[in-house]
Structure formats: C-alpha cells, structure tokens
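Structure, as structure tokens:
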Amino acid sequence: MQIRTVAEMIAAGTPPEILFWVGCSGSFDQRAQKITKAFATILTKVGINFAVLGKEECCTGDPARRAGNEFMFQMMAYQNIQTLNNYGIKKIVTACPHCFNILKNEYPELGGNYEVIHHTIFLQQLLDEGKITLKEGGAFKGKRITYHDSCYLGRANDIYEAPRKVLEALDAELVEMKRCRTKGLCCGAGGAQMFKEEEKGNLRINQERIQEALSTESGIVASACPFCNTMLTDGVKQKEKEDTVKVFDVAELVAASMM
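The opening residue of the sequence shown carries number 481 in the working numbering; numbering runs sequentially from there.
Written as structure tokens, this is what we have:
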C-alpha cells in the first residue's frame, strides 16, 4: 500500500482533506504498525483523500509533558505546529488517544488550532454515512467482544459511545467489564507510565485489568489505543491465554470485516 505524504500531495497541487497523524507508537512499534495499516486500509478503500506527514511528523510531546519535562514538550509542540501550519492543515485524524488529547486540547494554547478526530469517531461517521460496507455474517458475527475504555479517550474526552457503536455494527455480542465507561480501569500505561519502571505493588495494573476482561468470557478484547493494546496483550500473555483470547484495535476488526 502506497500512502502519500502531505508534501507530495501539495507539490502535486492536490492537498489532502485529512491528515492521518500516525504517532510514535503507530510508526515504530511493530504491533501498533498493524493498527496503522488497518486504518490506512479503511481510508483507502472508502476513498478518503488523506496523507501523512511521514518523516516530518515528530512526537507530540505528550510523554514529555506527562513526565514533567515542559521544556521538551514545548520544543516538540512548536516544531509540529510550525509544520502543520505551514501546510495549512485543518483536519487531523489519529488512532492514538494520547495524540488526540494533546493535539485537540493542549496545542491550541500554543497556536495549533485544528479539528482533531479520534479514529473510532471517524469510523462511526463512515459507517453512519454508509461509506463502509461490512460483509454479511462477517468473521466477528456473534462473537463475544469486551471493550476496554482508554483513559485519554473516555474520562479525558468523554468518548464512550463511538467505539461501542462501531463494534455493535460488526454484529458482535458486546459484553461490558465490571469497571467500564466513567469507572473504567487504566491499562497501566497512562501519564508516561509506559516509559518508566513500575512501582512496587502486589499486582500489575494490566494484569488486574485483563483479569476483568477474561471474566467476561470474551474471546476478543477490543481497544482503541496502541498503548492499551500493548498492556492488554502483555496481560493476556502473562495469563497464558494467547490461544483463546486475542486483543485487537477497533480499526483492525473493521478492516477485517469490510467487503
């Protein structure tokens, strides 16, 4: 699959309608790259005019700010804002709630004003508009799926319904965990915890969370965040349940179900 960069499209005189912000995880993590590919496949199939920044995309600075390094965050943010503004970017879609949150809520105070959409909301819009056509009796029809709420998507931005509506469109049986929506439990990677050594305790957060997922007797754990995906996948491995339980991003499930 050939995905064009914003620079290439503008040079050709056809600027993109949407910038797909890939994010560090979606760019460099081998597992998250599959999420990136799945979402890009969907955008391509439905004919969305989109592009990526490619090598011009830098980290949003979210981990730096969460870890307390405000100076590094502002350096990263200003560099990204300059790039985005130079290209006249107006609309951004991203599959990472961390990127979504900081681009939408924290970049404006530094001069970065954009319409920022999380990929689950965009997928719901495409489904509602009839642009995504799903297979009859798809691979996930009747399967038990439980959905994990990302902290940066749910509690931070009040996005709970979009990912669930997308999953329901798959004709799957959506089973909620005991702690969900506003009372959902963090995967353990938020607030830059992904990049530091864990603190002492009796049980890792991702192990506690995956135990809640396993208690729903679902064969699929759906997430909408690459960090959550990593933590939940690790939890499944630690429980030695890889043969019976799979962790997928919402976009991967949709991509696998499309005509």
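Note that beta-carbon positions come from the ideal geometry of N, C-alpha and C, so glycine has one too.
- Uninterrupted alpha helix (DSSP H) stretches at least 4 residues long and entirely within the region 497 to 557 occur at 503 to 508, 510 to 525 and 542 to 546, given in chain order.
- Per DSSP, the unbroken beta strand (DSSP E) holding Lys571 starts and ends at Lys571 to Thr574.
- In this structure, Met739 lies away from Ile522, with their beta-carbon atoms at least 9 Å apart.
- Each residue's CA atom was taken as its position, placing Thr710 and Asp638 some 22 Å apart.
- Sequence-distant partners of His578 (beyond 5 residues in either direction) whose C-beta falls short of 6 Å from its own C-beta, in its chain, are Asp542 and Tyr632.
- Under the criterion of beta carbons closer than 8 Å, Asp729 and Ile515 qualify as touching, at roughly 4 Å.
- Assigned with DSSP and collapsed to three states, His598 falls in strand.
- In this structure the region 499 to 509 lies against the region 524 to 538, because at least three pairs of beta carbons, one per stretch, are closer than 8 Å.
- Fewer than three beta-carbon pairs drawn from the region 612 to 628 and the region 575 to 593 are found closer than 8 Å, and the two stretches are therefore not classed as touching.
- Between Asp714 and Asn682, the beta carbon gap of about 18 Å keeps them out of contact (Cβ cut-off 8 Å).
- In the structure shown, Ser703 adopts extended strand secondary structure according to DSSP, grouped into three states.
- It is roughly 46 Å from the alpha-carbon of Pro495 to the alpha-carbon of Gln691.
- Only residues of its own chain outside the window of five on either side were considered, and among them Phe519, Val573, Thr574, Ala575 and Ala731 have a CB closer than 7 Å to the CB of His599, listed in chain order.
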